[in-house]
Amino acid sequence: MTLIKQTTLTLLAFLLATVSLHAADRDGELRAAEKAYADGNYPAAAEQYEALIKNYGESAEVYYNLGNAYYKLGRIAPAILNYERALSMSPNDGDTRFNLEMARLRTEDRIEPADGFFGRSFASVRNLLSVDAWAATALLCFVLFAGCLVLFFFSKWMRLRKTGFYLGLLLLFITIMANVFAWSERQDLIVRNAAIVFAPTVTVKSSPDRSGTDLFILHEGTKVTIKNTLGDWLEIRLGDGKEGWIPRKDLERI
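If you number the sequence shown the way the working numbering does, the last residue is 256 and the count never jumps.
What follows is the structure in structure tokens.
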């Protein structure tokens, strides 16, 4: 065995051992956090879940568990924040969505969406799958669409040609919509312009300064969309279309 091969194998063995130890450490810390939660020690569970995210990166599972710990502590804003983060990574998780709705019932503000039926329907369908799942759906439907084109142009039987034509139109529509859903979800992940109000109460201003006109009041746990940033102020929009400025310190981005 040459020196190069020996060095390569040694490096691979070292990397595999490092990865294994890293995974073992993470699993151990995760079990400790889960035990703290099961024992009712919610402050310790929340602290350990926060450490897991800091040390090992984002995880839908850990965000969900962290949201549960904060919910048990009665800290609704952090609970909603972490449920939202979990949903952004796993949008079709029914348990996370249910717990998020339960947490929202404990917030004070009731925001009626201004998007209307079409906007709500679009969001509901989009959230059925993740970005990767929508991308895979688009790719599969496009391949089937190509097969329908072959059937339409080269089949000798009129019935098969008609089937290829109409089925191809349907598959083309699904391909387009799946790409739109994947793009929309990816934009949410990249831009991350949604945020949760963390202050118990915050007065929304007409301009980015304390002397601005008071427009309305928001309470902790309310979800907003960040439109613009100016110094220590953020311009926000609510789901019902209302807009204004609030201090940056009173928000936490999802």
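Note that beta-carbon positions come from the ideal geometry of N, C-alpha and C, so glycine has one too. Just so you know, these numbers come straight off a predicted model, no measurement behind them.
- With at least 16 other beta carbons inside 10 angstroms of its own, residue 50 counts as buried.
- When the beta-carbon positions are compared, residue 53 and residue 44 stay at least 9 Å from each other.
- DSSP, read as helix, strand or coil, puts residue 207 in strand.
- CA-to-CA, the gap between residue 161 and residue 154 works out to about 10 Å.
- DSSP places residue 246 within a strand segment (E or B) once states are collapsed to three.
- Sequence-distant partners of residue 47 (beyond 5 residues in either direction) whose C-beta falls short of 6 Å from its own C-beta, in its chain, are 35, 38, 39, 71.
- Counted as a single uninterrupted DSSP element, the beta strand (DSSP E) harbouring residue 236 occupies residues 235-239.
- Per DSSP, reduced to three states, the secondary structure at residue 181 is helical.
- Per DSSP, the beta-bridge partners of residue 232 are 235.
- Residue nearest to residue 241 within the set 232, 225, 250, 166 is 225 (criterion: CA-CA distance).
- Scanning its chain for C-beta atoms nearer than 7 Å, with the 5 sequence neighbours on each side dropped, one finds around residue 89 the residues 95, 98, 99, 102, in chain order.
- Inter-residue distance for residue 73 and residue 166 is about 52 Å (C-alpha atoms, whole angstroms).
- A straight-line Cα-Cα distance of about 7 Å links residue 108 and residue 78.
- If you look at residue 194, you'll find it isn't in any beta strand (DSSP E); DSSP assigns it neither H nor E.
- The continuous beta strand (DSSP E) containing residue 219 extends over residues 216-221.
- Pairwise C-beta distances place the segment 177-185 in contact with the segment 132-152, as three or more of them are shorter than 8 Å.
- Residue 87 holds the alpha-carbon nearest to the alpha-carbon of residue 68 among 189, 87, 58.
- At a Cβ-Cβ threshold of 9 Å, residue 246 and residue 217 count as neighbours.
- In the three-state scheme derived from DSSP, where H, G and I count as helix and E and B as strand, residue 31 is classed as helix.
- For residue 168, the number of other beta carbons within 10 angstroms of its own is below 16, and it is reported as exposed.
- Taking C-alpha positions only, residue 255 is separated from residue 149 by approximately 44 Å.
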